[in-house]
Amino acid sequence: MTEKEIGELYIRLAFQYESAISRLLDKKIIDQDLVDRHRKSFYDSLNEEKLRTAQKIGDYTEIIRRYMRGMICEDMVSLTGLAKQYSVDFPGYTIQSWMRSRNTLEFLRQWENDINEEFDDRACEELIHLGHTTSLTITPSLWIRKTHAVGMHVKQGKGGGVSAYPEIAADFHLWLDPKVRLAIVRNRM
Numbered sequence: 022m023t024e025k026e027i028g029e030l031y032i033r034l035a036f037q038y039e040s041a042i043s044r045l046l047d048k049k050i051i052d053q054d055l056v057d058r059h060r061k062s063f064y065d066s067l068n069e070e071k072l073r074t075a076q077k078i079g080d081y082t083e084i085i086r087r088y089m090r091g092m093i094c095e096d097m098v099s100l101t102g103l104a105k106q107y108s109v110d111f112p113g114y115t116i117q118s119w120m121r122s123r124n125t126l127e128f129l130r131q132w133e134n135d136i137n138e139e140f141d142d143r144a145c146e147e148l149i150h151l152g153h154t155t156s157l158t159i160t161p162s163l164w165i166r167k168t169h170a171v172g173m174h175v176k177q178g179k180g181g182g183v184s185a186y187p188e189i190a191a192d193f194h195l196w197l198d199p200k201v202r203l204a205i206v207r208n209r210m
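Residue 22 is where the sequence shown starts when you use the numbering used here, and the numbers rise one by one after that.
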């Protein structure tokens with residue numbers, strides 16, 4: 022890459038980063054404090070040495086996605102932690118059971134369509150169909166991989182688990198605890 026190409030890449034990265042931040046702030050997905058905490062680290066990471074050595078990053082949109090997901094995932098709620106409150110031994114199975122419901126998948130679909138421009142709605146439709154006509158188990162990893170969903174994040178290994186945006190975690194919590202759901206319904210009427 023020439024110096025001019027690197028300079029142009031920096032300009033595109035900065036523009037796309039700021040544009041993405043503005044959209045997330047407008048939709049109230051993130052707040053200004055979170056932006057302020059992460060903006061400096063994002064720009065610090067764009068020095069020429071790191072960019073030259075990062076040959077495996079094919080284009081600037083991958084860099085944007087990586088930093089945006091990292092920034093957003095910091096404020097996600099642990100579904101695994103919620104599930105452990107109700108099933109200490111099998112929290113993963115509890116999350117999979119929640120994802121078996123067509124209503125859950127439709128809720129996740131609606132959330133993704135509202136927030137995520139890259140969500141693959143066709144793949145979502147196929148997963149919903151396969152989940153109800155075959156013995157396919159829809160897991161968070163499968164959901165994310167097939168539909169390009171961003172509402173949940175899976176971390177493998179020790180200390181890992183499934184985390185999600187607060188709205189998705191709230192839906193999961195309501196599914197887990199009928200008493201909480203009833204209390205909410207009674208308070209709204």
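Even glycine gets a Cβ: it sits at the ideal position worked out from N, Cα and C.
Straight-line spacing of the CA atoms in ASP52 and GLN177 works out to 28 Å.
Nearest to VAL98 by C-alpha distance, out of ILE205, TRP196 and ALA190, is ALA190. Nearest in C-alpha terms to GLY182, of all of THR115, ARG33 and ALA204, is THR115. In the DSSP assignment, HIS174 forms a beta bridge with SER184. Put simply, of GLU39, ALA35, ALA41 and THR101 the residue whose alpha carbon is nearest the alpha carbon of LYS179 is THR101. Apart from the 5 residues on each side of it in sequence, VAL56 sits with its Cβ closer than 6 Å to the Cβ of ILE42 in its chain, given in chain order. Looking from the CA of SER122, the closest CA among ASP135, TRP196 and VAL109 belongs to TRP196. When ILE136, GLU127 and ASP47 are compared, the shortest CA-CA separation from CYS145 is found for GLU127. Classified as buried, ILE159 has 16 or more neighbouring CB atoms from the shown chains inside 10 Å of its CB.
Contact between HIS169 and ASP141 holds, since their C-beta atoms are separated by about 5 Å, short of 8 Å.
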